[in-house]
Structure formats: structure tokens, C-alpha cells
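Report on the structure given below.
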Amino acid sequence: MRSTAREPGAVRRWEVARPPVPVRTPGVRMAGFRDRGPGPVDVRVVPHPAVTLALGFGDGPLVVDADTGRRKRGSLVTGFMHGALRVRGEHVECVQARLSPPTAYAVLGVSPAELDGAVVTLDDLWGRDAARIRERLGEARSWRERFAMTDDLLARRCATGRPVDPRVAWAWERIVARGGRVRIDDLAAGAGWSRKRLWSRFRAQIGLSPKRAARLVRFDHAAHLLAAGGDAARIAAESGYTDQSHLHRDVVAFSGVTPVAVADTAWLAVDGLAWAGHRPG
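Just so we're aligned, residue 1 is where the sequence shown starts under the UniProt record's numbering, counting upward by one.
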């Protein structure tokens with residue numbers, strides 16, 4: 001399926017494609033992006049509870065700038081963000097895969113904890129395999145073919161990679177299912193661990209503490225409701241915030257902008273097309 005999105009306040013248009021059939025690997029969602037121009041891309045990235053794999057194959061490479069001043073280009077992996085990121089480029093074409101943290105642990109060959117919010121080039125992570133998939137994606141003649149290639153790649157890596165502890169995976173799924181509205185003591189009891197052991201195992205394999213993961217999932221849920229035009233006070237109540245000020249503080253903490261500004265971001269505008277039926281994780 002293809003759609004076109006206009007970024008707020010700009011003439012930029014994106015072609016957005018989604019896989020025609022479900023992907024095989026649980027915890028993986030994919031979309032394709034083609035920059036239609038004119039002019040360069042410059043998009044603020046809104047944090048979300050997934051590890052992002054961007055496989056570029058177009059003439060213009062993706063360039064990601066972090067608020068720390070670091071810059072990466074090409075096919076990239078982005079861990080959980082702890083600050084602002086901007087995606088730049090021109091004539092960008094890529095397949096983007098969002099990996100739930102338990103799946104990312106197997107697919108990437110490293111724990112999301114080792115990424116620690118960083119942007120890493122796929123060449124650094126996968127070596128020659130990254131160059132091969134980039135070349136094959138560039139030679140493909142359709143989005144369907146590109147999605148099938150990416151699906152095969154991720155399925156193979158997941159099948160041979162290290163699985164997370166089932167109790168860690170259960171805790172993550174519980175956080176997602178409850179929209180981040182969970183008590184850490186209840187998660188620990190459900191996993192049969194102490195709070196300290198849950199924190200240690202979860203942080204090592206997921207890349208966030210359970211509390212931070214719950215906050216990120218809750219923020220993601222609220223941000224999408226804001227982008228859909230919902231009332232901030234009602235969203236705060238529905239998302240488990242104590243009040244609208246609490247929502248405001250969390251949105252600023254994660255995105256660096258106010259709820260009004262985050263609702264207007266181009267990232268979330270395209271997000272609604274690329275990840276229809278959005279469900280974090």
C-alpha cells in the first residue's frame with residue numbers, strides 16, 4: 001500500500017509504502033519511504049518504544065544529527081533516544097524496520113543496552129552484510145520485493161540470534177499491553193523475581209529500566225493521541241498522567257518540545273501513514 005504525506009509547513013512530500021502481507025518475525029514492523037522533494041529533508045525525530053533500523057538504498061544517504069553533535073550517515077540503527085535527533089538528507093529512499101526490544105536483542109546481535117540511545121551505522125554493526133543488503137535493495141524493482149528481502153534478512157538473524165529471557169520478554173509485553181501504566185513491584189512479582197533482579201535483567205537485555213520503559217510507552221501513546229487532535233487534559237487522564245502538567249513535563253522531557261509542538265511534528269504526521277494501527281513495541 002502506498003500513501004503520500006505532506007509535512008506541516010513545507011512542500012515536502014513523501015511516498016510511504018507498507019508491506020502487502022504481515023512480516024514473519026514477531027515484534028517487527030516495516031515501512032518504505034521515498035523522498036519526493038524538492039529540497040532537503042530536515043525532520044525532528046520523536047522518541048518511540050522501539051529500536052529503529054533504517055536501510056538506505058537511494059542516491060541520497062540518510063544523515064542523522066544528535067544533540068550531542070554526533071553525525072552518522074548511511075544505513076543506521078537507532079537505539080532508545082535520550083535526546084533530540086534530526087534526520088536530514090535529499091533524495092532519501094529507505095526501508096525502515098521498527099524492532100521491539102526483545103526482537104532487537106536477537107536481530108542486531110547486541111543488546112539495545114549497548115546502543116544506549118546512540119545512532120550506529122549498520123556497517124559498524126554488521127560489516128559486509130550491510131553493504132550486501134543495501135546493494136540488493138537498490139537493485140530491487142518494487143517495494144514488495146524490498147520488503148520480502150528485509151523480512152528474510154530479519155527472520156534469519158532472529159532465528160540464529162540470542163533470545164531474551166522469557167520473563168524479560170513477558171515484562172516488556174505487559175508494559176506495552178497496559179500502555180505503560182504498570183507498577184514495577186507487580187511486574188517483578190509476575191516474573192517471579194525481586195525488584196532488583198527484574199531491573200538488572202531488564203536493563204541488560206532491553207536497554208532501559210522497567211520504569212523508564214513504562215514512561216516511554218506511556219509517552220508514545222499520548223503523543224499519538226495528541227497528533228490525532230485530542231484534548232490534552234483528556235489525553236493526560238486516559239494515559240495515566242496525574243494531570244495535564246504531568247503530561248506536559250513528560251512530553252518536554254522526551255521530545256524537547258511542548259505537547260502543542262509535538263502534535264504538529266512531521267514525524268508523527270508521516271507516522272500515522274507508515275504505521276497504521278499503531279501499537280508500540
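From the three backbone atoms N, C-alpha and C, an ideal C-beta is built for every residue, glycine too.
Note that the structure is a prediction, hence the values are computed from the model and not measured.
Short Cβ contact (7 Å threshold) for residue i with residue j
| i | j | result |
| --- | --- | --- |
| M30 | F202 | no |
| R73 | A155 | no |
| A214 | G180 | yes |
| R162 | A223 | no |
| residue 284 | R86 | Because the chain in this structure spans residues 1 to 281, residue 284 falls outside the shown range and cannot be described. |
| R134 | F57 | yes |
| residue 283 | D59 | The chain is shown only over 1 to 281; residue 283 falls outside these bounds and no answer can be derived. |
| L76 | T121 | yes |
| G32 | A54 | no |
| V119 | T78 | yes |
| residue 287 | R98 | Any property of residue 287 remains undetermined from this structure, which presents the chain solely from 1 to 281. |
| A204 | A140 | no |
| P210 | I184 | yes |
| V164 | V217 | no |
| L268 | A227 | yes |
| R178 | E93 | no |
Paired residues, beta bridge with residue i - DSSP
| i | result |
| --- | --- |
| K72 | V64 |
| G138 | Answer is none; G138 lacks a bridge partner. |
| T52 | T78 and R98 |
| E93 | R34 |
| V87 | V43 and V64 |
| R29 | R98 |
Nearest residue (CA-CA) to residue i, options the options
| i | options | result |
| --- | --- | --- |
| A104 | V217, A50, A191 and A17 | A50 |
| G190 | A169, L208, H224 and S209 | A169 |
| R88 | S100, A106, R71 and V63 | V63 |
| R144 | V95, D123 and L122 | V95 |
| R28 | L76, P102 and V164 | Rather than Arg, the amino acid found at residue 28 in this sequence is Val. Here the closest residue by C-alpha is P102. |
| I206 | G272, R18, L108 and L55 | L108 |
| A261 | H248, L273 and D271 | H248 |
| F254 | A266, D243 and F219 | F219 |
| L225 | R212, K211 and V251 | V251 |
| C158 | S100, E15, R128 and P20 | S100 |
| P38 | R178, W14, R183 and T258 | W14 |
| P259 | S245, R136 and D271 | S245 |
| R136 | D152, R234 and L125 | D152 |
| W199 | A131, T242, W172 and L115 | W172 |
| E238 | W275, A188 and H221 | H221 |
| S111 | L187, D65 and L208 | L208 |
| P19 | A266, S142, D129 and I235 | S142 |
| R212 | W126, H48, V21 and S194 | H48 |
| A232 | V257, A263 and G256 | A263 |
Boundaries of the beta strand (DSSP E) in which residue i is found, first to last residue
| i | result |
| --- | --- |
| V182 | First-last for V182: undefined, no H or E at that position. |
Delimiting residues of the alpha helix (DSSP H) encompassing residue i
| i | result |
| --- | --- |
| G272 | A266 to A274 |
| V41 | Run containing V41: none in the alpha helix (DSSP H); it sits in the beta strand (DSSP E), V41 to V45. |
| P166 | P166 to A177 |
Worksheet item: In chain order, which continuous runs of the alpha helix (DSSP H) of length 4 or greater are located wholly inside the segment 185–263?
Response: Within the segment 185–263, complete alpha helix (DSSP H) segments of at least 4 residues are found at 195–206, 210–227, 232–239, 244–255 and 259–263, given in chain order.
Fill in: Minimum length 3: unbroken beta strand (DSSP E) runs contained in the segment 96–162
Under the rule that a run must span 3 or more residues, the beta strand (DSSP E) segments found entirely inside the segment 96–162 read 119–121.
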